[in-house]
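Participant:
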Amino acid sequence: MNITIVDYGAGNVTSVVRALQRLGVEATLTDDPEQIAKADKVVFPGQGEASNAMQNLRQRGLDKVLRDLKQPFLGICIGQQLMCRHSEEGDTDTLGIFDVPVLRFVPQCHEDKVPHMGWNTLSDLRSPLFKGIEEGAYTYFVHSFYVPLCDETIATTNYILPFSAALRHENFFATQFHPEKSGDVGERILQNFLNLSAK
Amino acid sequence: MLAKRIIPCLDVKNGFTVKGTNFVNLKLAGDPVELGRIYSQQGADELVFLDITASHDGRKTFTEMVERVAREINIPFTVGGGINEIADVERLLEAGADKVSINSAAIKNPKLIDEVASYYGSQVCVVAIDARQESDGKWQCYINGGRIPVGRGLEEWAHEAQERGAGEILFTSMNHDGVKEGFANEALRALSDELSIPIIASGGAGTKEHFRDAFRLGHADAALAASVFHFGEISIPELKQYLRQENINIRL
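Protein chains in written order, with the working numbering: chain W, 1 to 199; chain B, 1001 to 1252.
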């Protein structure tokens, strides 16, 4: 199985590489649109700022390519946010795979620290991505912007307000949390993604 | 709900874990990667590895250890000790660390915080502060492993660190460190209520109740400890069960 990680200069892709290695999979890192198009599965990780990340994608011609992929695709953290329609971060138009905007957390009281950082629970799990994962399982989050609940939400987390911890549209999956840093629960979610049948 | 974090801290010298009492009198406590793996399996929420050699040879050994941790452990980890410039940050993040903890170098050159935050994001930038409550009741910051006072107040410096882009503050009370009579809850609470970024409590853990109090009274977001874990005085699963019973939100 050819697992390809989109390497577009957005940082922290190596932690995904290592997490996949722990599952016995050697992933290919590339920013080459042709190689990405040929992959069996694509992982789209990242950290950083949305407008810079979009610029990095456009420079590599990846913005158009990613939208048209048909194989199972997993966005992580900023990856998920870039798959939405628009981000308040840098007032940036993003890929538009999920028809939902990305908004900035607005603290409602002093305890609401931003970024949302640490382990939080998943609920309302609705996807083969979460096979074997219990309601209330904890995963690791680090983010200051969030995706509101929408028709494409497949997991919900509550911080300041309920938001989309994960999304799905056809072959496109995405998580706001970092499965590669979420202990055994995260490993199971990555394994579930690897187990999805490629069409 | 967001869980309070329990963070074992591993002081690493020449590739081995050590822990001092009041920053001196080091005792050996094992291989850092193995120990880290055990803690992760027991339910630690994050790990901190501090390089206390910080010589040039020691640095290479430490970087290799960071690479091993990144390969083998599936929870977030922070590394610190001997970070003087952005090149050190780059080296450790490339080796696979999720966050870096900057201490003396940040006080000597506060712009380092801005640099780290703007290159890599605030989420990787932990500013560690060692402070002592002096006889006049005021908290003063110290550098170089608690040896040199720098004439800056704890809250004032923590606030500046936040404004410059620190993602978290790791506050060690030198009065409490190694004494095992509880964390500096009053100072923690003042910091936590003053700042809008997470505060990690450090120094003073001796019993399970001390962790409860750091969260409940100190309003800490995370609590860090070393020797109570390394010497098996408190087990992480037991601690987390206890905190859950005390209605503190904990990942089990």
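Glycine included, each C-beta is placed from N, C-alpha and C at the ideal position.
If you measure from the beta carbon of Tyr146 (chain W) to each beta carbon in chain B, is any gap under 8 angstroms?
Facilitator: The sequence position of residue 146 (chain W) within the first sequence is 146, counting from 1. Not closer than 8 angstroms to any Cβ of chain B, the Cβ of Tyr146 (chain W) fails to qualify, so no.
Participant: Classify Ala1128 (chain B): buried if its beta carbon has 16 or more other beta carbons within 10 angstroms, exposed otherwise.
Facilitator: Start at 1 with the first residue of the second sequence, and residue 1128 (chain B) comes out as number 128. Burial call: buried.
Participant: What runs of the beta strand (DSSP E), each 3 residues or longer, lie entirely inside the region 1077-1164 of chain B?
Facilitator: Taking only runs of at least 3 residues, the beta strand (DSSP E) segments lying wholly in the region 1077-1164 of chain B are 1077-1080, 1099-1102, 1125-1133, 1139-1143 and 1148-1153.
Participant: Give me whichever residues DSSP pairs with Ile76 (chain W) in a beta bridge.
Facilitator: Taking the first sequence and counting its residues from 1, one reaches residue 76 (chain W) at position 76. DSSP output for Ile76 (chain W) lists W:Thr175 as bridge partner(s).
Participant: Can you give me the Cβ contacts of Leu1028 (chain B) inside the same chain, cut-off strictly under 8 angstroms, excluding the 5 residues immediately before and after it?
Facilitator: Along the second sequence, read from residue 1 onward, the residue named residue 1028 (chain B) stands at position 28. In this prediction, Leu1028 (chain B) has a pLDDT of 42, which is less than 50 and means its spatial position is unreliable; what the coordinates show is noted afterwards. These residues qualify, in order along the chain: Phe1016, Thr1017 and Val1018.
Participant: Going along the chain, which residues of its own chain have a beta-carbon closer than 6 angstroms to the beta-carbon of Ser1173 (chain B), five neighbours each way excluded?
Facilitator: The residue you call residue 1173 (chain B) lines up with position 173 of the second sequence. Excluding residues within five positions, the ones whose Cβ falls inside 6 angstroms are Ala1184 and Gly1203.
Participant: What are the start and end residues of the beta strand (DSSP E) that includes Pro117 (chain W)?
Facilitator: Position 117 of the first sequence, counted from the start, is the residue given in the question as residue 117 (chain W). What sits at residue 117 (chain W) in the sequence shown is Met, not Pro. Looking at the DSSP string, the run of the beta strand (DSSP E) that includes Met117 (chain W) is His116 to Thr121.
Participant: According to a CB-to-CB cut-off of less than 7 angstroms, which residues of the region 139-163 of chain W neighbour chain B?
Facilitator: Of all residues in the region 139-163 of chain W, Tyr140, Val142, Asn158 and Tyr159 have a Cβ within less than 7 angstroms of some Cβ in chain B.
Participant: Using the beta-carbon of each residue, which ones in chain B are nearer than 7 angstroms to Thr14 (chain W)?
Facilitator: Walking along the first sequence from the start, residue 14 (chain W) turns up at place 14. Those within 7 angstroms of Thr14 (chain W) in chain B are Gly1096.
Participant: Taking the straight line between their C-alpha atoms, what separation do you get for Val42 (chain W) and Leu196 (chain W)?
Facilitator: For the purposes of this step, residue 42 (chain W) is taken as residue 42 along the first sequence, with counting starting at 1. For the purposes of this step, residue 196 (chain W) is taken as residue 196 along the first sequence, with counting starting at 1. For Val42 (chain W) and Leu196 (chain W), the distance between alpha carbons rounds to 12 angstroms.
Participant: Have a look at Arg168 (chain W) and Glu49 (chain W) and give me their C-alpha separation to the nearest angstrom.
Facilitator: Along the first sequence, read from residue 1 onward, the residue named residue 168 (chain W) stands at position 168. Along the first sequence, read from residue 1 onward, the residue named residue 49 (chain W) stands at position 49. Distance between the alpha carbons of Arg168 (chain W) and Glu49 (chain W) is about 22 angstroms.
Participant: If we ignore side chains and look at the alpha-carbon of each, how far apart do Glu88 (chain W) and Met54 (chain W) end up?
Facilitator: Residue numbering aside, residue 88 (chain W) sits at position 88 when the first sequence is read from its first letter. Residue numbering aside, residue 54 (chain W) sits at position 54 when the first sequence is read from its first letter. If I take the Cα positions, the gap works out to 13 angstroms.
Participant: Are there 16 or more other CB atoms within 10 angstroms of the CB of Pro1149 (chain B), so buried, or fewer, so exposed?
Facilitator: As a working note, residue 1149 (chain B) is residue 149 in the second sequence. Pro1149 (chain B) comes out exposed.
Participant: Measuring only from the beta carbon, is Val114 (chain W) closer than 7 angstroms to any heavy atom that is part of the ligand ZN?
Facilitator: This structure lacks the ligand ZN, and indeed carries no ligand of any kind.
Participant: My parser needs the beta strand (DSSP E) runs of 3 or more residues fully inside the region 52-109 of chain W; what are they?
Facilitator: Qualifying beta strand (DSSP E) stretches, in chain order: 73-76 and 101-104.
Participant: Among W:Gln191, W:Pro148, W:Gly24 and W:Ala19, which has the Cα closest to the Cα of Asp99 (chain W)?
Facilitator: If you number the first sequence from 1, residue 99 (chain W) lands on position 99. Out of W:Gln191, W:Pro148, W:Gly24 and W:Ala19, W:Pro148 has the C-alpha closest to the C-alpha of Asp99 (chain W).
Participant: Please report the distance separating the alpha-carbon of Thr1053 (chain B) from that of Ile3 (chain W).
Facilitator: Locating residue 1053 (chain B) in the second sequence gives position 53, where the first residue counts as 1. Locating residue 3 (chain W) in the first sequence gives position 3, where the first residue counts as 1. For Thr1053 (chain B) and Ile3 (chain W), the distance between alpha carbons rounds to 40 angstroms.
Participant: What residue does the alpha helix (DSSP H) around Leu196 (chain W) start on, and which one ends it?
Facilitator: Reading the first sequence from its first residue, position 196 is the one you call residue 196 (chain W). Counting along the chain, Leu196 (chain W) falls outside any alpha helix (DSSP H), and DSSP gives it neither H nor E.
Participant: Cβ of Ala37 (chain W) less than 8 angstroms from any chain B Cβ?
Facilitator: Reading the first sequence from its first residue, position 37 is the one you call residue 37 (chain W). So, not an interface residue.
Participant: Could you give the first and the last residue of the continuous beta strand (DSSP E) run that contains Asn158 (chain W)?
Facilitator: Stepping through the first sequence from its first residue, residue 158 (chain W) is reached at position 158. Residues Thr153 to Tyr159.
Participant: Relative to the C-alpha of Phe1049 (chain B), which candidate in B:Cys1009, B:Ile1199 and B:Ile1073 has its C-alpha closest?
Facilitator: Sequence index remark: in the second sequence, residue 1049 (chain B) carries index 49 (1-based). When each option's Cα is compared against that of Phe1049 (chain B), the closest is B:Cys1009.
Participant: Kindly indicate which residue of B:His1230, B:Gly1182, B:Glu1246 and B:Asp1098 has the alpha-carbon position closest to the one of Glu1067 (chain B).
Facilitator: Sequence index remark: in the second sequence, residue 1067 (chain B) carries index 67 (1-based). The shortest C-alpha separation from Glu1067 (chain B) is found at B:Asp1098.
Participant: Are the CB atoms of Tyr140 (chain W) and Phe163 (chain W) nearer to each other than 8 angstroms?
Facilitator: The residue you call residue 140 (chain W) lines up with position 140 of the first sequence. The residue you call residue 163 (chain W) lines up with position 163 of the first sequence. No, the pair does not count as a contact, with Cβ atoms beyond the cut-off.
Participant: In this structure, does DSSP put Tyr1242 (chain B) in helix, strand or coil?
Facilitator: Numbered from 1 along the second sequence, position 242 holds the residue referred to as residue 1242 (chain B). Correct three-state label for Tyr1242 (chain B): helix.
Participant: If you run the structure through DSSP and keep just helix, strand and coil, what is Thr1207 (chain B)?
Facilitator: The residue labelled residue 1207 (chain B) in the question sits at position 207 within the second sequence. Note: Thr1207 (chain B) maps to coil in three-state DSSP.
Participant: If you drop the 5 nearest sequence neighbours on each side, which residues of the same chain put their C-beta closer than 8 angstroms to that of Lys1208 (chain B)?
Facilitator: The count along the second sequence starts at 1 and reaches residue 1208 (chain B) at position 208. The answer, listed in chain order, is Ile1234, Glu1238, Leu1239, Tyr1242 and Leu1243.
Participant: Using a Cβ cut-off of 9 angstroms, pull out every chain W residue sitting near Gln1123 (chain B), in sequence order please.
Facilitator: On the second sequence, residue 1123 (chain B) is found 123 positions in, with the first residue counted as 1. Within chain W, the residues near Gln1123 (chain B) are Gln47, Pro115, Met117, Val142, His143 and Ser144.
Participant: For Tyr159 (chain W), which residues from the same chain have a beta carbon less than 7 angstroms from its beta carbon, with the 5 sequence-adjacent residues on both sides left out?
Facilitator: As a first step, residue 159 (chain W) is located in the first sequence; it is residue number 159 there, counting from the start. His116 and Asn120.
Participant: Consult DSSP for Ala137 (chain W) and reduce its assignment to one of helix, strand or coil.
Facilitator: As a first step, residue 137 (chain W) is located in the first sequence; it is residue number 137 there, counting from the start. If DSSP states are grouped into helix, strand and coil, Ala137 (chain W) belongs with coil.
Participant: Using DSSP bridges, identify the partner residues of Thr1017 (chain B).
Facilitator: Working through the second sequence from its first residue, we reach residue 1017 (chain B) at position 17. Thr1017 (chain B) is bridged to B:Val1012.
Participant: Roughly how many whole angstroms lie between the Cα atoms of Val1024 (chain B) and Gly79 (chain W)?
Facilitator: Mapped onto the second sequence, residue 1024 (chain B) falls at position 24. Mapped onto the first sequence, residue 79 (chain W) falls at position 79. Any reading at Val1024 (chain B) needs caution, since the residue's pLDDT is 37, under 50, leaving its predicted position unreliable; the model's value is listed next. If I take the Cα positions, the gap works out to 45 angstroms.
Participant: Taking 8 angstroms as the cut-off, decide whether the C-beta atoms of Gln71 (chain W) and Ala19 (chain W) are in contact.
Facilitator: Here residue 71 (chain W) corresponds to residue number 71 of the first sequence, with the count starting at 1. Here residue 19 (chain W) corresponds to residue number 19 of the first sequence, with the count starting at 1. No; because the gap between Cβ atoms is not below 8 angstroms, this pair is not in contact.
Participant: To the nearest whole angstrom, what separates the beta carbons of Gly90 (chain W) and Ser144 (chain W), a pair I think is in contact under 8 angstroms?
Facilitator: Within the first sequence, numbered from 1, the residue matching residue 90 (chain W) stands at position 90. Within the first sequence, numbered from 1, the residue matching residue 144 (chain W) stands at position 144. The Cβ separation is near 12 angstroms, so there is no contact.
Participant: Determine the extent of the beta strand (DSSP E) in which Thr1061 (chain B) is found, giving its start and end residues.
Facilitator: Residue mapping note: residue 1061 (chain B) aligns to position 61 of the second sequence, counting from 1. Looking at the DSSP string, Thr1061 (chain B) is not in any beta strand (DSSP E); the run it does join, the alpha helix (DSSP H), is His1056 to Glu1072.
Participant: Measuring only between beta-carbons, confirm whether Asp1045 (chain B) sits less than 8 angstroms from chain W.
Facilitator: For the purposes of this step, residue 1045 (chain B) is taken as residue 45 along the second sequence, with counting starting at 1. It does; some Cβ of chain W falls within 8 angstroms.
Participant: Specify whether the region 1080-1093 of chain B and the region 1129-1137 of chain B touch according to this definition: at least 3 beta carbon pairs, one from each stretch, less than 8 angstroms apart.
Facilitator: Touching, no, given that fewer than three Cβ pairs across the two stretches are closer than 8 angstroms.
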